[in-house]
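Q:
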Amino acid sequence: MLRSLAHHRGGAAASGLVAFIGTVLVTAMAALLATGFSDTTHVADRSFLTQFPIILGGWVVAIVLFAMVSTVGVALAGRAGEIAGLRLVGATPRQVQTRIAGETLTVATIAAVPGLAVGLLTGAFVLDRMHDAGLIGSGTVYAPGAALPVIAALLVLVVSVVAAWIGSRTLAARSPVADPEPTALGGRGGDRFRRTAAVVLLIAGLGSSSAVLGMDADSILTTAMTGPAVVLVAVGLCMLATELLALANRLGRAGASAPGHVARINVSVVPRRIRPLVTFLTLFVGISAGTLAMQDVENRHAVPGGTAQLLAAINYLVVVLIAAFMAIALTNNLVASIGQRRTEFATMSLVGSTRAQTLRMLLREVGTGIAASVVAGTIGAMACVVPFAVAKTGSPAAAFAPLPYAAAVVVGAVIALLAAALAGKRVIRTAA
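Residue numbers (the working numbering): 1006 to 1437.
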């Protein structure tokens, strides 16, 4: 197993980075929760310091599971031949899954130690920002203890193993004599379950956001209902990444150039290469734009000095933490998927494609994924914020302030294009 990890350092590093960031965030929330339970915490602060980390920590755990499943899937796509060889010499699908889960557990365990240490520091930083924002009293001191942070780190290990088991299930079950690079992983049953789950999440998210229309405009519940709705809708949309990518590819124009034509064929035939980009960029844009737009409405229409404005600092902090994690996962998966295309790029070089033409093809594929992600993420965020704006102002117009959406779209698109360009140049150069 250790030799396998050494041979697949790129995939191991990608999984380890996701596990590290996940451990940092979950441990930080556990440290805040422990502080809320501490005897030294002021009674007035206890409710906030227990509810906030439980809610945010739950979302972080779900996102870590989602990110790890995708990362493991991308990493295994480059090991299809190896896994087929294991199956040919007698390994069962369960044995293959156990091997992958063991490798992931090893990597996550290595990442857990520094992740735990950085997580404790992050918790202290977050508590300090809460003091500055006036969300908690100055008498409440940081008391993370040891039990809850360690349990949080162990939870990330469990989530990593579960994610590896799920992410490797389809490839491990494939026939060892089948096409080693299928156009789609999953099958009809998996696609049906995925689409059904996405619809359920979308309905739940839109239902949660619509519920604020019957609430008092000054109630903190309006924010408590809209925030999770933004996350639910973003997750539901990113689960439809394959369909969003196909739609964007059909609506887009390939142009007269050969790179554009080849890019359109690639996206149509092998969408899994760009699917991780659509998945994480949709999450990034949807969560970031939705939360920023919601807070923009709050800032412009809330009572000065009210509780809602005090929560602005926390909302911005949530956006920064989740967006940073999504950006890292996006870059991670994009670089890994591009690195697995070295043979394809070498073949293109042999048939006469220049490095510039191959890079343009790659960037056209990435551009299609970005278009699908930013449109879906922005529409989903707007749909969630409109009821919030109506409840706060009586008009939906406040939900369409351009700055929050533009900020999320520009940052996400720049990250994706920059990662693709840098990784693409390196891989194309070595392949040629």
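Glycine residues also receive a C-beta, built at the ideal position from the N, C-alpha and C atoms. Quick caveat, the model's predicted, so the values are computed rather than measured.
For S1143, is the classification buried or exposed, using 16 other Cβ atoms within 10 angstroms of its Cβ as the cut-off for buried?
A: Label assigned to S1143: exposed.
Q: Where does D1223 fall in DSSP's three states?
A: D1223: coil per DSSP, three-state reduction.
Q: Tell me which residues share the same chain as I1343 and place their Cβ nearer than 6 Å to its Cβ, disregarding the 5 neighbours each side in the sequence.
A: So the qualifying residues of the chain are A1428, G1429, V1432.
Q: Would L1030 and F1330 be called neighbours here (beta carbons separated by less than 9 Å)?
A: Taking 9 Å as the Cβ cut-off, L1030 and F1330 qualify as a contacting pair.
Q: State the DSSP-derived secondary structure class of S1143, mapped to helix, strand or coil.
A: DSSP places S1143 in coil when its eight states are reduced to three.
Q: What is the DSSP secondary structure of L1190, counted as helix, strand or coil?
A: For L1190, the predicted structure reports a pLDDT of 41, less than 50, and the residue's modelled location is therefore unreliable. A value from the coordinates is still provided. Looking at L1190 - three-state DSSP - the assignment turns out to be coil, as it is neither helix nor strand.
Q: Given this structure, state the Cα-to-Cα distance separating W1170 from A1085, to the nearest angstrom.
A: Cα to Cα, W1170 sits roughly 16 Å from A1085.
Q: DSSP three-state call for R1431: helix, strand or coil?
A: Note: R1431 maps to helix in three-state DSSP.
Q: Report the CB separation of R1280 from A1246 in whole angstroms; it is logged as a contact under 8 Å.
A: Correct: roughly 5 Å between the Cβ atoms.
Q: Cutting at 8 Å between CB atoms, please list the residues of its own chain near L1081, excluding the five before and the five after it.
A: Closer than 8 Å at Cβ, skipping near neighbours: G1016, I1088, I1105, G1172, S1173, L1176.
Q: Mind checking whether L1054 and T1040 have CB atoms under 9 Å apart?
A: The answer is yes: Cβ separation under 9 Å.
Q: With a 10 Å radius around its C-beta and 16 neighbouring C-beta atoms as the bar for buried, classify L1212 as buried or exposed.
A: Before going on, a small fix: residue 1212 reads as Gly here, not Leu. Label assigned to G1212: exposed.
Q: Find the nearest neighbour of L1207 within the set V1163, A1381, F1289, V1395, judged by alpha-carbon distance.
A: Taking only the C-alpha atoms, the option nearest L1207 is A1381.
Q: With a threshold of 9 Å between beta carbons, is R1360 in contact with chain C?
A: Included in the structure is just one protein chain, with no chain C present.
Q: Which residue comes first and which comes last in the alpha helix (DSSP H) that contains M1366?
A: Its alpha helix (DSSP H) spans residues 1360-1398.
Q: Could you tell me which of A1251, D1301, V1167, L1237 sits nearest to G1210, measuring between CA atoms?
A: Checking every option, the nearest Cα to that of G1210 belongs to L1237.
Q: Look at the alpha carbon of G1139 and the alpha carbon of T1145, and state the distance between them as a whole number of angstroms.
A: Taking the straight line joining both Cα atoms gives about 12 Å.
Q: Measuring alpha carbon to alpha carbon, tell me which residue in L1110, T1363, N1271 is nearest R1434.
A: If we check each option's Cα against that of R1434, T1363 comes out closest.
Q: Look up H1306 in the DSSP assignment and say whether it is helix, strand or coil.
A: Reduced to three states, the DSSP call for H1306 is helix.
Q: To the nearest whole angstrom, what separates the beta carbons of V1112 and G1257, a pair I think is in contact under 8 Å?
A: Going by Cβ atoms, the distance from V1112 to G1257 rounds to 37 Å, so no, they are not a contact pair.
Q: Ordered along the chain, which non-local residues of its own chain (more than five positions away) have a Cβ less than 6 Å from that of M1034?
A: Result list for M1034: P1058, L1061, G1062, in chain order.
Q: Let me confirm a value: F1198 is counted as buried when at least 16 other C-beta atoms fall within 10 Å, else exposed. Which label applies?
A: Exposed is the call here.
Q: Do you know how far the Cα of A1425 is from the Cα of N1254?
A: Near 18 Å, if we compare the C-alpha coordinates of A1425 and N1254.
Q: Under a three-way DSSP split, which group does G961 fall into?
A: Outside the displayed span of the chain (1006 to 1437) sits residue 961, for which this structure offers no information.
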